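Numbering (the working numbering), first residue to last: 21 to 323.
Glycine included, C-beta positions come from ideal geometry on N, C-alpha and C.
All values reported here derive from a predicted model rather than from experimental measurement.
Encoded as structure tokens, the structure appears first; notes follow it.
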């Protein structure tokens with residue numbers, strides 16, 4: 021088997037089916053299998069997918085243990101030389117699988133162990149496809165109000181870019197990775213419930229001497245955030261994952277404390293201007309900042 025495509029679903033059954041149809045319609049020249057891991061959606065996704073695609077492997081988890089663990093379960097069933105970890109809210113634009121596979125097959129001697137394509141949003145504009153490893157300094161900067169404009173265009177592949185190029189990490193929405201690397205350094209850290217797990221994996225791969233790349237010719241639509249329809253829950257998950265990532269990798273207690281305190285102050289301020297439901301969510305983020313700061317050096321499992 022050339023490629024094992026792993027899709028983790030949580031209440032996005034319709035999107036998963038569109039994703040699978042795009043794979044079947046656009047892919048040629050490679051042998052692949054599709055593995056769908058359902059994270060206890062409880063919304064009818066499992067029978068819907070099973071009826072539409074009886075020949076794929078469908079794993080129905082009894083609990084939702086997060087994106088990383090869902091992918092790790094799928095990886096245990098994979099038989100391909102490569103694993104393609106694909107978000108349910110994606111659709112292939114062209115024969116992206118063959119392009120990514122061909123790129124990896126011709127770069128085995130260059131220590132490239134993972135790659136991804138060029139992501140596009142629903143309006144066909146460039147979407148977030150890659151990133152630089154975050155530091156305490158960069159996350160401190162982006163924690164300040166009104167700094168989102170500084171990130172405009174960051175991680176997006178310009179239309180004029182044609183050749184493959186090296187990046188720190190590839191978006192977890194379309195991560196094409198050598199299975200033997202996962203066997204060597206381990207798959208996703210399951211302490212991340214969602215967000216930062218692909219960054220953590222790429223950092224471990226980099227420290228082991230491997231590199232990541234973007235292949236712009238491989239086009240993929242990404243309807244970002246469809247698995248998390250609640251903005252505050254998404255923000256909370258992202259914030260907790262950032263705390264865990266920095267605690268694990270940054271190794272700077274003073275700056276870590278500064279990062280957690282800055283965000284604690286920010287969420288206290290936000291809580292003054294929102295309704296009771298949002299205020300509760302910000303209270304939870306404040307508690308997260310305190311917990312990680314007080315327990316610096318310990319490992320916390322994401323909730």
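Where residue 172 falls, given that 16 or more other Cβ within 10 Å makes a residue buried: On the chain shown, position 152 is the one that residue 172 refers to. Exposed: under 16 other Cβ atoms inside 10 Å.
C-beta contact flag for residue 325 and residue 93 at 7 Å: Nothing about residue 325 can be read from this structure; the chain reaches only from 21 to 323.
Where residue 138 falls: helix, strand or coil (DSSP): As a position in the chain shown, residue 138 is number 118, starting the count at 1. Residue state, collapsed to three classes: strand.
C-alpha distance - residue 204 paired with residue 296, whole-angstrom precision: Here residue 204 is taken as the residue at index 184 of the chain shown, counted from 1. Here residue 296 is taken as the residue at index 276 of the chain shown, counted from 1. Whole-angstrom Cα-Cα distance: 47 Å.
Counted within 10 angstroms of its Cβ, other Cβ atoms place residue 75 as buried (16 or more) or exposed: If you number the chain shown from 1, residue 75 lands on position 55. With fewer than 16 other Cβ atoms within 10 Å, it is exposed.
Rounded Cβ spacing between residue 137 and residue 219 (contact assumed at less than 8 Å): Translated into the one-based positions of the chain shown, residue 137 becomes position 117. Translated into the one-based positions of the chain shown, residue 219 becomes position 199. Actually they are not in contact, since the Cβ atoms of residue 137 and residue 219 sit about 18 Å apart, beyond 8 Å.
Contact between the stretch 297-308 and the stretch 253-266 (3+ Cβ pairs under 8 Å): Touching, yes, given that three or more Cβ pairs across the two stretches are closer than 8 Å.
Buried versus exposed call for residue 228 [16 or more other C-beta atoms within 10 Å across all chains shown]: Residue numbering aside, residue 228 sits at position 208 when the chain shown is read from its first letter. Exposed.
Cβ neighbours of residue 53 in the same chain (closer than 8 Å, five flanking residues each side left out): Looking up residue 53 in the chain shown gives position 33. Closer than 8 Å at the Cβ level, and outside the excluded window around residue 53, lie 21, 23, 24, 25, 76, 77, 98, 99, 100.
Ordered list of alpha helix (DSSP H) runs contained in the stretch 123-202, each at least 4 residues: The qualifying runs are 156-163.
Residue ranges of each alpha helix (DSSP H) within the stretch 83-121, 4 or longer: 87-97
Exposure label - residue 91; buried when at least 16 CB within 10 Å: What you label residue 91 is simply residue 71 of the chain shown in a count that begins at 1. When all chains shown are included, residue 91 counts as buried.
Contact under 7 Å by Cβ, residue 57 with residue 69: Residue numbering aside, residue 57 sits at position 37 when the chain shown is read from its first letter. Residue numbering aside, residue 69 sits at position 49 when the chain shown is read from its first letter. In this structure, residue 69 does not lie closer than 7 Å to residue 57 by Cβ.
Range covered by the alpha helix (DSSP H) that runs through residue 69: To locate residue 69, count along the chain shown from 1; it is residue 49. Note, residue 69: alpha helix (DSSP H), 65-72.
Start and end residues, beta strand (DSSP E) containing residue 59: Sequence index remark: in the chain shown, residue 59 carries index 39 (1-based). Counting along the chain, the beta strand (DSSP E) containing residue 59 begins and ends at 52-59.
Backbone secondary structure at residue 290 - three-state DSSP: As a working mapping, residue 290 is identified with position 270 in the chain shown. If DSSP states are grouped into helix, strand and coil, residue 290 belongs with the helices.
Nearest neighbour of residue 135, chosen from 174, 226, 46, 162 [CA to CA]: Residue numbering aside, residue 135 sits at position 115 when the chain shown is read from its first letter. Comparing Cα-Cα distances from residue 135 to each of 174, 226, 46, 162, the minimum goes to 226.
CA-to-CA distance, residue 223 to residue 208, given in whole angstroms: If you number the chain shown from 1, residue 208 lands on position 188. If you number the chain shown from 1, residue 223 lands on position 203. Those two C-alpha atoms are separated by around 11 Å.
Closest residue to residue 165 among 293, 83, 263, 286 (Cα-Cα distance): Counted from its first residue, the chain shown places residue 165 at position 145. Residue 165 has its Cα closest to that of 286, out of 293, 83, 263, 286.
Span of the alpha helix (DSSP H), counted from its first residue to its last, around residue 306: On the chain shown, residue 306 is found 286 positions in, with the first residue counted as 1. From DSSP, the alpha helix (DSSP H) with residue 306 extends over 296-314.
Contacts around residue 277, its chain only, beta-carbon distance under 8 Å, and the 5 residues preceding and following it disregarded: Locating residue 277 in the chain shown gives position 257, where the first residue counts as 1. The beta carbon of residue 277 is closer than 8 Å to those of 313, 316 in its chain, skipping five residues each way along the sequence.
Assigned secondary structure, residue 272 (DSSP; H/G/I helix, E/B strand, else coil): Residue numbering aside, residue 272 sits at position 252 when the chain shown is read from its first letter. The answer is coil: DSSP assigns residue 272 none of H, G, I, E or B.
Nearest-angstrom beta carbon gap, residue 234 and residue 149 [assumed within contact, 8 Å]: One-based indexing of the chain shown puts residue 149 at position 129. One-based indexing of the chain shown puts residue 234 at position 214. With 8 Å as the limit, residue 149 and residue 234 qualify as a contact, their Cβ atoms being about 6 Å apart.
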